[in-house]
Amino acid sequence: MVLDFIDIKKEDVSLAGGKGANLGELISANINVPKGFVIAADSYKAFLRENGIEEIIRNKLKEVSGDERQILKAADCFRELIMSGDFSTETKKLIEDKYKSLGENIRVAVRSSATAEDLSDASFAGQQETYLNVVGIDNVLLQIRNCYASLWGTRAVSYRFHQGYDQTSLAIAVVVQKMVESEKAGVLFTVNPLSQNANEMQINASYGLGESIVSGRITPDSYIVDKSSSLLETTIGSKETKIIYGNKDTVEIAVNEEERKKRVLDDNEISKLVNCGLKIEKHYGMPMDIEWAIKDSIIYILQARAITTLKKDTGKDAIIKNYIKGTKPTKSMRKNLAFQLEKMPFAYRVLDYDFIMAINDQKSKIFAEAGIVFDSDPQIDNDGIQTLPKGKKGINKNIFHFFKILKQIKAFDSCAAICEKFMCKYKEEISMLKAKDFENMSLHECRDFLEYSYKLTKDLSYDRFKYALFPTMLVFDKYTKLLQRINPKYTAFDLYKNLDNKTTTVNTDISDMAEKISKHSKLKEAILSGDSYKNLYTKFDDFKTMADRFLQSNGFKSDYNCYCLEAKTFIEDPDRLINILKPILLSSSNQNKNSENFDDLMKELEVVCGGKYKSIKADIQNFRYFHIVREESQYLWESLFYYVRKCVLRANIILIENEDYKSGIANLFFNELIEVMNRGYLDKSDLKNIKNRNEKFPLSIKVWEASKLLVFEAEGDILKGVSGNFGKAVGRACIIHSPNEFYKMKKGDILVCHLTDPEWTPLFKLASAVVADTGAALSHAAIVAREYGIPAVLGVGFATTKYKDGDMIQVDGDKGTVRGL
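If you want the numbering used here, it's the 1-based position in the sequence shown plus 8.
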């Protein structure tokens, strides 16, 4: 039940957890480790049994299997039960005796040690809790229970769920270890984690306890050394503060200026650490991540684990590199792609590619009508592998029509009239699709609808770009310069203030729902406790009425608006609505959008423009209307794509006799699929293509990710992007990958994401700034950040992989940069 470190080896993960097993292994290798003991995983299991908790956990998890929200709700209950439990008299005595053997009322660290932690193929680090500076047996027992409860923390349960680990198979051990009152502490990597050079080590060092580095509160010194202890590179960190022991707890104090400016480690200490690192790496036979501390010139090793983030240059890596070899995007191409990648963030099946290109090609077509060759379309080969555009530029014979096309686009009144006409036509066409019986379509009817929808996508996109987007872009810089005569921070986007467009409608409707729900205590409690949309819809008539009204108005809004097959609407995935409502209901924030008013802006503009104001005002009204058209037309193709998915589903059932079209006919290009439908069956060639492209799809994902990395540039520790909104902010990063993680967002956090769309807008009420991997000044994130008056930096490329939850970062919207602190 309770074991000394010396009794434990690295194979004992199931007994002592990852931390405990590694500490025991280090002791056996004669590494200087502070004394301590482990409360074994069997003790945790016994604790659950003795307190009647084990059966409750097993039965509840069986009942809610596969439903993350319900599992998280159950975990809340498990934590409460554990915290109210108690140890058997025998176990309590064992722990008390071991604790006393370390010294009288000694300071200890009480650390969770999960039985799946620190494995070489996954990192559970940080998923359970650690408690420092614990004094007295009562406090030790309390923190052990806290460690037990942390196995069922939201973060840990969600991590295991998404990694596919069996929640019932894990147990937890607890390490109790004498704390070293260190003068210096830090981390050593036995392989340079940045260059991945196996002949180099990296050491991070600060004054005081290592918690300063682990918590990200300070910038430590960084030393790159080779394995013969030669110092190759030194970066002096700012080290503004250090954490030391106080009377009852640790305290953070300032570091004097002289110490801040000099190296933490001298050459002798670096040499000792390198030797220690080499010994540990040799013992384990793999690159290691080592926590260390120094007191009275003695080095103590606090922890050692395998480095899980190193990439191996396998044959597959060579294949990926071959696909992107020779691709060097120009500066202008990178700028364009940063925005495009917001619309195409991940690899897609080949049928999806054709529908995306049905939209994207229309811009090239309009340029070509004016004599300009501009290739901005990603490439795709017969295996379905996507790479970046070639970026061809030039002119064609239509260059003589350039001024004619330009004149058409500059005629705002004429463009607005055309927009009104085609919007009425397309709305009517798409509304008629409700009457179609997709479930009983024949294959030929599916073919006819697919051809019709493909052409409709092209026509709608062409009209949208030519008569709404292009006119807007023509005057964007002109209006920005005009507005900057009023305020240097204004851009043409400020002319969209108080504009009633589709995004605004969706956000307003959601806010209204949240306000009504907040007054209905039982409904609010049900949503926050993790009830599904289906349950809420059945149990609460008020919610049913609100949801029906919302879906009637906004049901076709998609999570990815440019994907045809990968997207899902609110109708298809109504739980998305619950994900959006949750952070609003959890927040007590009353932060509103910028109070600046469009009418006030126009009054200021009238003063600046003088006699030209009347004509400029008319053009600005059209400018605003074009934005409404862009939003509404996008919603129309999202609606159309909903029906395309129903058609493709039906065709897949007819041709392959199952509903999994993503592994089926979505692996045929549009023209290939039309041929199949004309023929009435899949031949050997079609089946071969489907099989081949399915097998190559994982490669396609990796090549597209590698291609995207070519678009963005990073300078040292600073990520460079484009400014979405001015201002600076410092705060804790909250990494949000999808609406399923909205619950993590807290007021004042910096939202770090791949991209945003309208359903992310509620998070902007909580965020102090936003950082996105993709996007540009036209992105949803930029527009909403301006509305809420928070800094935004977009198109930085790597933020969601470079940072982790809780990292302190600085967002500089003036310079378009983000850096870790």
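Built from N, CA and C at the ideal position, the CB exists for glycine as well.
Remember, it's a predicted structure, so these values are computed and weren't measured experimentally.
Which one or two residues does DSSP pair with Gly44 in a beta bridge?
By one-based count along the sequence shown, residue 44 stands at place 36. Gly44 is bridged by DSSP to Gln185.
Tell me where the alpha helix (DSSP H) around Tyr796 begins and ends.
Here residue 796 refers to the residue found at position 788 of the sequence shown. Per DSSP, Tyr796 belongs to the alpha helix (DSSP H) from 788 to 796.
Tell me whether the region 75 to 87 and the region 101 to 114 touch, counting them as touching only if at least three CB pairs, one residue from each stretch, are closer than 8 Å.
Verdict: no, contact absent.
How would you call Thr162, buried or exposed, if buried means at least 16 neighbouring beta carbons within 10 angstroms?
For this step, residue 162 is matched to residue 154 along the sequence shown. It is exposed - the Cβ of Thr162 has fewer than 16 other Cβ atoms within 10 Å.
Cβ shell of Lys832 (< 8 Å), same chain only, five flanking positions each side left out
Because the chain is modelled from 9 through 829, residue 832 falls outside the range shown and cannot be assessed.
Alpha helix (DSSP H) runs contained entirely in the region 155 to 179, provided each spans 4 or more residues
The qualifying runs are 162 to 171.
For Asp813 versus Cys742, is the C-beta distance shorter than 8 Å?
Along the sequence shown, one-based indexing puts residue 813 at 805. Along the sequence shown, one-based indexing puts residue 742 at 734. Taking 8 Å as the Cβ cut-off, Asp813 and Cys742 qualify as a contacting pair.
What number of angstroms, rounded off, separates the C-alpha of Asp2 from the C-alpha of Glu680?
What the structure shows of the chain is the stretch from 9 to 829, and residue 2 is not part of that stretch, so it cannot be assessed.
Can you look up Tyr650 in the DSSP assignment and give me helix, strand or coil?
As a working mapping, residue 650 is identified with position 642 in the sequence shown. Here Tyr650 sits in helix by DSSP.
Are there 16 or more other CB atoms within 10 angstroms of the CB of Thr198, so buried, or fewer, so exposed?
The sequence position of residue 198 within the sequence shown is 190, counting from 1. Thr198 counts as buried, since no fewer than 16 other beta carbons sit within 10 angstroms of its beta carbon.
Could you tell me if the beta carbon of Ser439 falls within a distance shorter than 7 Å of some heavy atom in the ligand ADP?
This structure does not include the ligand ADP; it has no bound ligands of any sort.
Cβ pair count under 8 Å reaching 3, the region 73 to 81 against the region 51 to 58
Between the region 73 to 81 and the region 51 to 58 there are fewer than three inter-stretch CB-CB distances shorter than 8 Å, so the stretches are not counted as touching.
Can you look up Met9 in the DSSP assignment and give me helix, strand or coil?
On the sequence shown, position 1 is the one that residue 9 refers to. Met9 falls in the coil class under three-state DSSP.
Give the DSSP bridge partners of Ser372, in chain order.
Reading the sequence shown from its first residue, position 364 is the one you call residue 372. For Ser372, which the question treats as bridged, DSSP gives no partner whatsoever.
Does Lys270 come out as helix, strand or coil in the three-state DSSP assignment?
Locating residue 270 in the sequence shown gives position 262, where the first residue counts as 1. Reduced to three states, the DSSP call for Lys270 is coil.
Please identify the residue among Val142, Asn154, Val183, Asp502 whose C-alpha is closest to the C-alpha of Asn733.
Here residue 733 refers to the residue found at position 725 of the sequence shown. Nearest to Asn733 by C-alpha distance, out of Val142, Asn154, Val183, Asp502, is Asp502.
Can you give me the start and stop residues for the beta strand (DSSP E) that Leu727 sits inside?
Walking along the sequence shown from the start, residue 727 turns up at place 719. In the DSSP annotation of this structure, the continuous segment of the beta strand (DSSP E) that includes Leu727 starts and ends at 726 to 728.
Could you please give the first and the last residue of the uninterrupted beta strand (DSSP E) stretch that includes Trp300?
Your numbering for residue 300 matches position 292 in the sequence shown. For Trp300, the enclosing beta strand (DSSP E) starts and ends at 296 to 303.
Nearest-angstrom Cα distance between Cys427 and Phe478?
Position 419 of the sequence shown holds residue 427. Position 470 of the sequence shown holds residue 478. Cys427 and Phe478: Cα-Cα distance of roughly 12 Å.
Assuming Leu414 and Ala378 are in contact, meaning their beta carbons sit under 8 Å apart, how far apart are those beta carbons, in whole angstroms?
Here residue 414 corresponds to residue number 406 of the sequence shown, with the count starting at 1. Here residue 378 corresponds to residue number 370 of the sequence shown, with the count starting at 1. The beta carbons of Leu414 and Ala378 sit about 7 Å from each other, so the pair counts as a contact at 8 Å.
Classify Thr516 as helix, strand or coil using the three-state DSSP reduction.
In the sequence shown, counting from the first residue as 1, residue 516 sits at position 508. Thr516: helix per DSSP, three-state reduction.
Identity of the residue in Lys351, Thr808, Ala181, Asp765 nearest Leu31 by Cα
For this step, residue 31 is matched to residue 23 along the sequence shown. Closest by alpha carbon: Ala181.
Tell me the rounded alpha-carbon separation between Asp297 and Leu759.
Start at 1 with the first residue of the sequence shown, and residue 297 comes out as number 289. Start at 1 with the first residue of the sequence shown, and residue 759 comes out as number 751. Whole-angstrom Cα-Cα distance: 29 Å.
Assign Arg827 to one of three DSSP states: helix, strand, or coil.
Mapped onto the sequence shown, residue 827 falls at position 819. In the displayed model, Arg827 falls within a strand according to three-state DSSP.
Helix, strand or coil: how does DSSP classify Leu127 here?
Within the sequence shown, the letter at position 119 stands for residue 127. A caution first: Leu127 carries a pLDDT of 43, below 50, which makes its placement in the model too unreliable to give a value.
If you draw a straight line from the C-alpha of Ala383 to the C-alpha of Lys398, how long is it?
Taking the sequence shown and counting its residues from 1, one reaches residue 383 at position 375. Taking the sequence shown and counting its residues from 1, one reaches residue 398 at position 390. A small correction: the amino acid at residue 383 is Asp; Ala does not occupy that position in the sequence shown. Approximately 7 Å between the Cα atoms of the pair.
Supposed close pair Leu349, Val719 - CB separation, criterion 8 Å
Mapped onto the sequence shown, residue 349 falls at position 341. Mapped onto the sequence shown, residue 719 falls at position 711. So it is a contact: roughly 7 Å between Cβ atoms.
For the region 342 to 421, which segments carrying the beta strand (DSSP E) assignment without a break, of at least 3 residues, lie completely within its bounds, in sequence order?
If we require 3 residues or more, the beta strand (DSSP E) runs fully inside the region 342 to 421 come out as 380 to 382, 401 to 403.
Could you tell me the distance, in whole angstroms, from the CA atom of Ala130 to the CA atom of Gly26?
If you number the sequence shown from 1, residue 130 lands on position 122. If you number the sequence shown from 1, residue 26 lands on position 18. Reliability of the predicted coordinates at Ala130 is poor, the pLDDT of 40 falling under 50, and no value is obtained from them.
Out of Gly93, Leu829, Val684, which has the shortest C-alpha to C-alpha gap to Ile61?
On the sequence shown, residue 61 is found 53 positions in, with the first residue counted as 1. Of Gly93, Leu829, Val684, the residue nearest in Cα terms is Gly93.
With 16 other CB atoms within 10 Å as the buried threshold, where does Lys565 fall?
The residue given as residue 565 occupies position 557 in the sequence shown. Buried, since its Cβ has 16 or more Cβ neighbours within 10 Å.
List the endpoints of the continuous beta strand (DSSP E) containing Arg740.
As a working mapping, residue 740 is identified with position 732 in the sequence shown. In the DSSP annotation of this structure, the continuous segment of the beta strand (DSSP E) that includes Arg740 starts and ends at 736 to 744.
Would you give the residue range spanned by the beta strand (DSSP E) that Gln560 belongs to?
Working through the sequence shown from its first residue, we reach residue 560 at position 552. First-last for Gln560: 549 to 562, but that is the alpha helix (DSSP H), not the beta strand (DSSP E).
8 Å CB neighbourhood of Lys405 in its chain, flanking five on each side removed:
Position 397 of the sequence shown holds residue 405. Same-chain partners within the cutoff: Gly379.
For Val118, which of Gly216, Glu266, Asn562, Leu310 has the nearest alpha-carbon?
Here the question's residue 118 lines up with position 110 in the sequence shown. Considering only alpha carbons, the answer is Leu310.
Going by the DSSP bridge assignment, what does Glu208 pair with across the sheet?
Taking the sequence shown and counting its residues from 1, one reaches residue 208 at position 200. Bridge partners of Glu208: Asp234.
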